[in-house]
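Asker:
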Amino acid sequence: MLVGLVLACTGTSLHAADTPTSLAQYRKSIGLFLETYCVGCHDGEDAKAGFRLDNIDPLVTNGQDVERWEKALEMISIGDMPPAKKRQPDKALRRHVEAWILTELRKIGRGPDDARLSQPAFGNRVDHDELFSGEHKGPASSPPRMWRKSNYIYKRFIAESRLGGGKGGTPFAPLGGHGFKDYGQLWAGESTILTLRNNADAFIADVIDGRFVHPKGPDGKPDRSRREREGKSRFGEFQVLITGEAKPDDAALERAVYRAFHLLLRRSPTEEEAKRYAAGYLRRAIEIGGPKEGLKSLLTAIVLSPEFVYRQELGLGEQLPDGRRMLSPNEISYALAFALTDSPPDNDLRKAVEEGRLSTKEDVEREVRRILATDTRRFWAQELTSVERYIDACPNPRVLRFFREYFGYQAVFDVFKDKERNHHHRALFIFKDADLFVLSVLEQDRQVLRSLLTSDRYVVHYASPEQVKRKLAQIHERKSSRELDMLARGITPVLGGYRGGHYFTTYGFEYESWNYPIEQPFAVPNRAGMLTHPAWLVAHSGNFDTDPIRRGKWIREHLLADTIPDIPIGVDAKLEDDPHKTLRQRLVKTEADACWRCHKKMNPLGLPFESFDDFGRYRDKFYFDQNGKLGGTYYEREKAIAMGNRRGGTPVKYTTRPIDTTGQLTGTGDPKLDGDVNDAFDLVDRLARSERVRQSFVRHAFRYWMGRNETLNDSPTLMAADKAYVDSDGSFKELLVSLLTSDSFLTRKDPDQ
Amino acid sequence: MTLSRRQVIKCMSIGAGSALLGPMVRQARAAADQPEALPNRFVFVVRSNGLRPWGIVPEKLQDLGADRHEQDKIHDEPLADHTLHQTMRALDPVKDYVTIVMGLSGRAGAVSDPHSANFGALGMYRSDQGSPPAAETIDGALAKAMPGIFTHLGFKMGGTGDTIAHPALSAWGKNKPIPFYCSPTLAYKQLFGSLAKNEKLKTASELDAHLLDFLANDVRRVQKKLTAAEREKLNHYLQGFEALRDRRVKLATLDDSVRVHIPSITDKYTSPVETHRLEAHFDMAAAALIAGLTNVVTIDADDLGGHYTGLGLGEKSIHGIGHLSDDFKKGRDTNFADGTDGVGARNIVRKFQMDLIGGLARKLRAVPEGDGNMLDNTLIVMLSDAGHVHHANYQHFPLVLVGNVGGKFKTSRYLHYPNYGQPGNRTLGSFYLSLLKAANHPRNAFGQVDLKLPKQEQSEPLSELFA
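From first to last, the protein sequence lines stand for chains V and L. The first sequence lines up with residues 0 to 752 when you count with numbering that gives the first Met the number 0. The second sequence lines up with residues 0 to 466 when you count with numbering that gives the first Met the number 0.
1) For asparagine 439 (chain L), which residues from the same chain have a beta carbon less than 7 Å from its beta carbon, with the 5 sequence-adjacent residues on both sides left out?
2) Is the Cβ of valine 272 (chain L) closer than 8 Å to any Cβ of chain V?
3) Spell out whether any CB of chain L is found under 8 Å from the CB atom of leucine 558 (chain V).
4) Alpha carbon to alpha carbon, how far is leucine 225 (chain L) from aspartate 749 (chain V)? Give it in angstroms, no decimals.
5) Measuring CA to CA, which of V:Ile429, V:Gln663 and V:Leu252 is closest to glycine 279 (chain V)?
6) What are the complete alpha helix (DSSP H) segments, minimum 4 residues, inside the stretch 389-435 of chain V?
7) Taking 8 Å as the threshold (beta carbon to beta carbon), is glutamine 447 (chain L) in contact with chain V?
8) Rounded to whole angstroms, what's the CA-CA distance from glycine 102 (chain L) to proline 173 (chain V)? Just pull it up for me.
9) Give, in chain order, every residue of the stretch 222-237 of chain L whose Cβ lies closer than 7 Å to some Cβ of chain V.
10) Would you say tyrosine 257 (chain V) reaches chain L, if we count a Cβ-Cβ gap shorter than 8 Å as a contact?
11) Taking 8 Å as the CB-CB cut-off, is glutamine 473 (chain V) touching chain L?
12) Could you pull out every unbroken alpha helix (DSSP H) segment of at least 4 residues lying fully inside the stretch 177-237 of chain L, listed in chain order?
13) Whose C-beta lies closer than 6 Å to the C-beta of aspartate 53 (chain V) among residues of the same chain, with five residues either side of it excluded?
14) Have a look at L:Gln189, L:Arg51, L:Leu432 and L:Lys232 and flag the residue whose alpha-carbon is nearest the alpha-carbon of arginine 147 (chain V).
15) Taking Cβ-Cβ distances below 7 Å as the criterion, which residues of the stretch 136-149 of chain V are in contact with chain L?
16) Kindly indicate which residue of L:Asp66, L:Thr98 and L:Ala65 has the alpha-carbon position closest to the one of histidine 81 (chain L).
17) Where does tyrosine 419 (chain L) sit, in a helix, a strand or coil, going by DSSP?
18) Name the two residues that bound the continuous alpha helix (DSSP H) containing glutamate 354 (chain V).
19) What does threonine 98 (chain L) pair with, by DSSP beta-bridge criteria?
20) With DSSP collapsed to three states, give me the class of isoleucine 640 (chain V).
21) If you reduce the DSSP assignment to three classes, tell me which class lysine 27 (chain V) lands in.
22) Tell me, please, whether the CB atom of leucine 738 (chain V) is closer than 8 Å to any CB atom in chain L?
23) Which value, in whole angstroms, describes the spacing of the CA atoms of serine 776 (chain V) and arginine 400 (chain V)?
24) Helix, strand or coil for phenylalanine 118 (chain L) per DSSP?
25) Taking C-beta to C-beta, are threonine 184 (chain L) and threonine 297 (chain L) nearer than 8 Å?
26) Drop a sphere of 10 angstroms on the beta-carbon of lysine 431 (chain V), count the other beta-carbons inside from all chains shown, and report buried for 16 or more, exposed for fewer.
27) Given a threshold of 16 other Cβ atoms within 10 Å of its Cβ, counted over all protein chains shown, does glutamine 61 (chain L) qualify as buried or as exposed?
28) Out of curiosity, what's the CA-to-CA distance linking glutamate 368 (chain L) and leucine 210 (chain L)?
29) Among V:Pro57, V:Gln446 and V:Trp379, which has the Cα closest to the Cα of tyrosine 497 (chain V)?
30) If I follow the unbroken alpha helix (DSSP H) through methionine 485 (chain V), where does it start and stop?
31) Shorter than 8 Å from the beta carbon of lysine 451 (chain L) to some beta carbon of chain V?
32) Name, going along the chain, the residues of the stretch 270-302 of chain V whose beta-carbon falls closer than 7 Å to a beta-carbon of chain L.
33) Verify the CB distance criterion: does glutamine 584 (chain V) have a CB-CB separation below 8 Å to chain L?
34) Just the chain L side, please: which residues come within less than 9 Å of valine 570 (chain V) by C-beta, in chain order?
35) Taking buried to mean at least 16 other C-beta atoms within 10 Å of its own C-beta, is glutamine 118 (chain V) buried or exposed?
36) With 16 other CB atoms within 10 Å as the buried threshold, where does leucine 259 (chain L) fall?
Below, the structure written as C-alpha cells:
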C-alpha cells in the first residue's frame, strides 16, 4: 500500500517546506491516533525500545524529529506497530495516518525513497493478506517499458553469433545487493556505452577486417609467429562496399544494412529501417570516413541502438476495451524467449509470429509448454569449470537462475572461507550440487516448493552413466588396489565427475567409507531441503561463523512475505567476539528491548540451523578446550591436538556440549504451524506446510518474471498462479504457464492513464 | 600547415576555454603576454570503512583522536610544531599544504545502512543503498562549474574484470550518477588513447556526431511510446552520447604540448593485484591534471567487498577489516593469522592510501604554475563515505586536505570543530560551501540541511578554513 501512496506523491525538495504542518490537522486526527495506539508504551524515559512518541514534535515540517517520524511511518505501514497483542486501528485509519505522515515528510524532501521501494527486496511491503483476499479484481497490467538486457543475454549473444572479441567488460551491470539481479528498473548510461563500444570495437573489426590469421612466411607456409587480420570481410555485402570503386547505390547499401541487422539483431530490417539506415545513415558515414569506417560506424550504431540494449515491451498489439494494450506477437516472442532463456526467439517462435500464431493466451501457453519441455540431464554431467561457462549447457537457464537468486545460494562465492579451517571446502562444487538438487526436483515437477524445502534427496558429486562406466573401467584397468578392495567389499568408490579434493566431506561422507550412489538423487542423512544444503548455509554465513540473523531474515522475507524494518540510523550492529561463548549466547545482546523488536523476527528462525557449522557440515555438539574456548572446525581441532602433543606443547583436551537447536516460528498465519520448534528439520517441515509460504514463493516468482514488484492490481494474477500450482499438485511448470499467460505479463497500460 | 605556438594557443582558447589548458600551455600563454586566471582543481579520495580520527591526528594530539573524545570548542593549531601520524609520513614533504579537519557532522546524509552514506557523502543528502542519486554531489557541482575536456574523471578500485562502474558516490544531479573507470587500461584508452592519433580524430569525431544524431532520433522515436519514467531511462542513455561527443570535439582541439604528459603503460595497469591498479589510477589522475584534461577527479579508493591482497591483507575482505576491533585484546581471536590486528590493518591500508596521495601531491608541486606550482591550485580532499568508523552514525566526517585553492585556504594546520550536539558544530555541507566559494562559485546552500542544527550557519562556508 505504501508503494502506491509513495508513487502518488512526487517531487522531493531539498529545502524547507512551503506549507508547514498544520497543527489543527494534527490535533484532529494524528495526535489522537498516537495517544490511543502508541504513547501507552512509547512514553517518557522508560519508553519501549527507547523510542518516545509522547514528546515528538507535531510540526513534522520543522524537521526536529524527522528520523522519529520516518521510523513511526515505517512501523505503521508494514504493520509491525501497534504490536499484535495490542489494540489495533482499523485499516482506513492506519492508511489515513500513513498518508498524513508521508505528505508532511514529503514537504521537506523526506520520507521513503520511491526508487528504493521499487527494488525487489521491498516487494513485500504490499499487504500480503490483501493480495490474496480476492477483493482486488485488477485488471492487471504492466507499464509499457524498456527492460534493459542482462549481461547473460549479452554474453550469450557473443557466444552464439561466433563473433570474435567476446572478452571485455560487463556492459550491463546487474542490480546490486541480495535478491533478483535482472529487474525492469535497470537502465543504461555512459558506462554501458563505453563498455559496449569498447567490446564492440573488437568484434566489429572481426567482421570488417576479417579474422586473425597467420600470414605466409618466406617459405610459403603460415608463419606462426605472426598474427594479423585477414584484411577482408567474410561478408560479401560488406566486402563489395569496401572494394567497390564507384559510389555505391542504395540497393548495395541496403544489402549491407540487411546483413548487419541479421548479424546483430537477428532479424530483417523493416522497409523503413532499411532506408533509414542505408540512405539515411550509411551513405553519409561512408562519405565522412570511407567505406570501412562507415561500415564500422553502421555496426556501432546498431550495437548502441535501443533495441540492442533494451528489451522493448511497449504494448504494440491490440487495444482492449478497458484501454490496456496487448503486447504485439513480435513483442511476445521476445518477452517469452528472454523470460526463459538468454537468447532471442528461436525458430519456432519466429515462425509462430510470421504465421500469425502468437497473439492469444492459448498461443502463448502452447509456446511456453514447448520451451519448458526439455531434458536437463545432459547438463548434469557438464564438467564444471566456471559458472558462466556451464550455464550455457542448461536449457532455459533463466528458470534455474530464478532458484539461484530466490534461495540466494549463488552468494556462496562471496563468502570467503579460510583454507586452514577446512581445506576441503569448494564453493563451486557445492553450488553445482545445489543446482542439480533444484533440477532434480524440477524434473519430478510435483510439490516443487515442498520438496525444495524438505527433501533429503540430494545430488552430490554427480557422474553420468557414461562417466560411471568409464571410471569403473579405469579402476579395473589401473588395478588400483584400494578401489578394487572397496569394490570387493561391496562399496562403490567415489566416481564423481568433478576434480578437486574431497569436498563431499561437507555432507559427512568420507572417501574410504562412502558407498558412492550411482543412482542420483539419493537420500543424504541429516539434511532436509535447500535450507540445510551446504550451498545455502555457506551463502548465508559469515567468514568465520554461521549467521542466524541473515538466515532468519531470509526466511522471514522469502518464505513468510514479511518485512524487516531498516536498522535505525547510527546503530553499531556488531557482535562482540568472545571465544568462550557460542553464537546463541553472543546473540543475547540482541534481546535488548530496542533490538529485539526486529531481531525477534529473525533470530528464532535462524538459530535452529546451528546444527550446521559455517561450512554447512552437520554437527550435534560444540567442542570446548580446557580453557573453555570453542574448539573450531574438525581440522582446527585436529591441528591443535597435534600441536599440543608435540614436545614442549600443552596437550589439548576437548569436552563437548550438546547444541541447542530450538527456535520459534511466527507469522505463518496458521496457529497449527506457529510455535516453538525443536530443530531445523521441524522448522522446514512446518514451513513447507504453510499456505503463506507457498504464496510468498508465488510472489517472488511473479517479481522475477515480471521484472517489477507486485501491486494490488496484480492480485488476480497472483491468485491464479497460486491456484494453478495447487491444482497441479505443485507443478512449477503450471505456475510458470499461469504467470506467463497472465494479464500482468501480456498487457500494458500507462500508470497515469 | 604549421601553426606557430602563439596561433595554437589562440586556437585553443577559442576551442576549449582557458580552464582546460594544461599548466605547460598556460606557461606559454603567460610568455605570449596573455595573463590568465589560474584554474582551481579538486581531487576527492573517498575510502570505505571510515577514516578513524586516531589514525590521522598528529602524534602529540592523540587525545583529540580518542574514540569518545568530546570536543566542546574549536581547536586550531599549526601543524608546524607537530609530527604527522606515522602513517602520514608521505605527506611530510608537502606538510605546508596539509590541513586536518575534524568534528564536521553529516547527519543530513544519515541513512539506515551504517556502512556508507552513498551519494550522501559527497552530496550531503540522504541516499539509501541501491537508490539513484537525489541531487548533485560536490565533485559534480565543481566539475560543472569548471568543466575540463573530461568534465569529471572518476577512478574506482575494482575487480580484474570490471571496466567501468557507477559506484554510489558521485552524481551530476538527480538520477544522474557519474561513471568511474575500474579498468586502468580502458581509462588510459579513453584519456590518452585518442591523443596519440590526432589525424584520425577529426574523422572519428565527425562520425561520432553523425552517430549521435542518428541514435538521438532513434531513441526519440521509441520514447514517444513510453511513460515518463521510461523516457528518463532513455534520457540517461542519450546524455551518455552527448558527453562522449563533447569530449571528442574538445580533444580534437588539443595540440602536441599535451602529449608530453601521457604516462606510459606499465605492468600496474593490467596487474591482478588491486592495489597496483589503484596506483595506476593515481598515476593517470596526476597525468590528466597536469595535462589539463580535467579539473575534478574523484577516486573511489576501495570498497567493502574488495580485498587488499597487495598489502598482505587478502585474508579478510575490506568489510572484514572494518569489523576488527581497535582493541588488540578484544579482537585477538579474529585477528589476521599472522597476528595483525584491527589497528595494524587500518594503519597498513591508511599508509598505502596516504602514500598515493603524497605521491600525487608531490607530482603536482613539481609542476610550476603562475608564481607557484600546481599544488597551490589543487586541493586533494580525503574522506570516508562512512565518516569516522566502519559502522557510522554519520555524526563525524574527518577530513585530510592536501593542497590549496589559489592560496585562499590557510593550510598546515589542525582544525577541530566541536562535536555533534555541542554548540558550534559545523557540517560537511558547510565544508562543501567553502570549496564552492574558494572556486569562485559561491552558494548559500548545498544538499540538505540538518534541521536540528542552526540553519544560518549551514548556509555559510567555514570561515576558519580561509586565509
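Every residue gets a Cβ at the ideal spot worked out from N, C-alpha and C, and that includes glycine.
Answerer: Answer, in terms of the structure:
1) none
2) no
3) no
4) 8 Å
5) V:Leu252
6) 396-406
7) yes
8) 37 Å
9) Lys224, Leu225, Thr226, Glu229, Lys232, Leu233, His235 and Tyr236
10) no
11) no
12) 183-190 and 197-222
13) Val38 and Asp42
14) L:Lys232
15) Pro142, Pro143, Arg144 and Met145
16) L:Thr98
17) coil
18) Per DSSP, glutamate 354 (chain V) belongs to no alpha helix (DSSP H) and is neither H nor E.
19) L:Leu400 and L:Arg412
20) helix
21) helix
22) no
23) It is not possible to answer for residue 776 (chain V), since the shown part of chain V is limited to 0 through 752.
24) coil
25) no
26) buried
27) exposed
28) 39 Å
29) V:Trp379
30) 480-487
31) yes
32) Tyr280, Arg283, Ala284, Ile287, Gly288, Glu292, Ser296, Thr299 and Ala300
33) no
34) Ser111, Pro113, His390 and Asn392
35) buried
36) In the sequence as displayed, the identity of residue 259 (chain L) is valine instead of leucine. By the 10 Å Cβ count, valine 259 (chain L) comes out exposed.
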